[in-house]
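K.L.:
Going by our numbering, the first residue of the sequence shown is number 36, and it counts up by one from there.
One structure coming up, written as C-alpha cells, with questions to follow.
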Amino acid sequence: MTRHYRIHTGEKPYSCTICGKGFVCTGSLAKHRRAHTGEKPYSCITCGKKFAYNSDLLRHLKTHTGQKPYHCKRCGKMFLYKSDLLKHMRTHTGEKPYGCKTCGKMFAYNGDLLKHTRAHTGEKPYHCKTCGKMFGYSSSLLKHMGIHTGVKPHHCKTCGKMFASNSDLVKHTRMHTGERPYHCKTCGKVFGYSSSLLKHMRMHTGVKPYHCKTCGKSFT
C-alpha cells in the first residue's frame with residue numbers, strides 16, 4: 036500500500052549512490068544499479084548470452100524459438116516484439132510522431148530523428164580508427180572503411196557487383212527491379228533515389244542552392 040501511495044505523491048525515497056536518480060522501491064533501484072555495474076544475472080540456457088533484466092532475456096528467447104506472436108492485420112507480417120509491430124504500423128498509417136525542433140521535419144522513428152538532427156548540429160560521433168576521419172552516421176563509417184580494407188561484403192545476386200555497404204547494394208538493385216519508392220507529392224512523378232527526388236523538387240520550389248563564386252549565378 037505504501038509503495039502504491041508513492042505513485043500519487045511522487046515520493047522516491049531510494050536514491051542511486053552513483054548518479055542520484057530516485058526510485059519508488061528498492062527493487063527498481065537494484066535493477067537500475069546494473070546500468071552502472073554491468074551486472075547481467077540472467078543467462079540464456081541455449082546460447083549463454085547474458086542479460087541485465089529478465090524482460091530482455093524473455094525477448095531474446097524468442098530468437099531461438101522463432102516465435103513471432105505479433106502480426107500486422109493489414110499485411111500479415113509477423114514480429115517478435117509488440118514494439119516492432121507498432122513501429123511497422125507507421126508504414127501503413129503514415130504516422131510521424133517525431134518532429135525536428137529546428138526545421139519541423141517529421142519522422143516515423145526516433146532513431147531517424149536523431150540522425151537527422153546531426154545535419155543541423157554537425158555532430159559526427161563515428162570516427163575511423165585508421166585515419167581519424169569523422170562521420171555523422173555509422174553507415175557512412177562502414178562505407179568509408181572499405182577504402183582501407185578493400186572489403187565489399189555485399190553483392191548483387193543479379194549481376195554479382197560488390198558493394199562496401201548494404202545501402203549502396205539496395206540502391207543498385209533498383210537498376211534491375213525498376214523500383215521507384217520516392218514520389219513527388221506535387222506532380223506524382225516517381226524516382227528510384229531520394230537524391231533524384233530532391234533535385235526534381237527544385238523545379239517546383241525554384242530553389243537554386245548552388246552558387247558560382249565568380250559571378251554569383253545560382254543553379255539547381
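Just so it is clear, CB atoms sit at the ideal spot from N, CA and C, and this is done for glycine as well.
In this text, all values refer to a predicted model and were calculated from it rather than measured experimentally.
#1: When the distance is taken between beta carbons, is T126 closer than 7 Å to H35?
#2: Using the rule of at least 16 other Cβ atoms within 10 Å of the residue's Cβ for burial, across every protein chain shown, is V59 buried or exposed?
#3: So is A199 buried or exposed if we call it buried at 16+ other beta carbons inside 10 Å?
#4: Quick one: what's got a C-beta closer than 6 Å to A87's C-beta in the same chain, skipping five residues either side?
#5: Cβ atoms of C163 and H189: under 7 Å apart, would you say?
#6: Please name the residue, chosen from P104, C110 and G129, that lies closest to S118 on a Cα-to-Cα basis.
#7: My assumption, with CB atoms under 8 Å, is that L204 sits in contact with C219. Please give the rounded CB distance.
#8: Report the option in G101, L121, R237 and H151 whose CA atom is closest to the CA atom of R109.
#9: In this structure, how does DSSP classify K243 when only helix, strand and coil are distinguished?
#10: Output the boundary residues of the alpha helix (DSSP H) element that contains K66.
#11: Rounded to the nearest angstrom, what separates R237 and F226 at their Cα positions?
#12: For H235 versus T221, is the C-beta spacing smaller than 7 Å?
#13: Looking only at C-alpha atoms, which of G157, C191, K159 and H183 sits nearest to T165?
#14: Helix, strand or coil, according to DSSP, for G146 in the structure here?
#15: CB G171 to CB K159, shorter than 7 Å?
#16: Per DSSP, which residues does S253 bridge with? Please list them.
#17: Go ahead and label L176 buried or exposed: buried means 16 or more other beta carbons lie within 10 angstroms of its beta carbon, across all protein chains shown.
#18: Grab the span of the alpha helix (DSSP H) containing T128 for me, first residue to last.
#19: I need the DSSP call for G181, collapsed to helix, strand or coil.
#20: Identify which residue in K131, C138 and D91 has its Cα closest to the Cα of L115.
#21: In the DSSP output, which residue or residues are listed as bridge partners for G55?
P.N.:
Straight from the coordinates:
#1: For residue 35 there is no data in the structure shown, the boundaries of the chain being 36 and 255.
#2: Counting the other CB atoms within 10 Å of its CB gives V59 a total of 16 or more, which places it among the buried residues.
#3: Per the 10 Å Cβ criterion, buried.
#4: Result list for A87: R69 and K75, in chain order.
#5: No. Outside cutoff.
#6: Nearest of P104, C110 and G129 to S118, Cα basis: P104.
#7: Not confirmed; about 25 Å, so no contact.
#8: Checked all of G101, L121, R237 and H151; the closest Cα to R109 is L121.
#9: In this structure, K243 counts as coil in the three-state DSSP scheme.
#10: That run of the alpha helix (DSSP H) goes T61 to T72.
#11: Distance between the alpha carbons of R237 and F226 is about 14 Å.
#12: By the CB criterion at 7 Å, H235 and T221 fall outside the cutoff.
#13: Per the Cα distances, H183.
#14: Helix at G146.
#15: A contact, by the Cβ cut-off of 7 Å.
#16: BP columns for S253 point to H246.
#17: Around the C-beta of L176, 16 or more other C-beta atoms lie within 10 Å, and the residue is accordingly described as buried.
#18: Its alpha helix (DSSP H) spans residues K117 to T128.
#19: Helix, per DSSP.
#20: L115 has its Cα closest to that of D91, out of K131, C138 and D91.
#21: None, per the DSSP bridge assignment.
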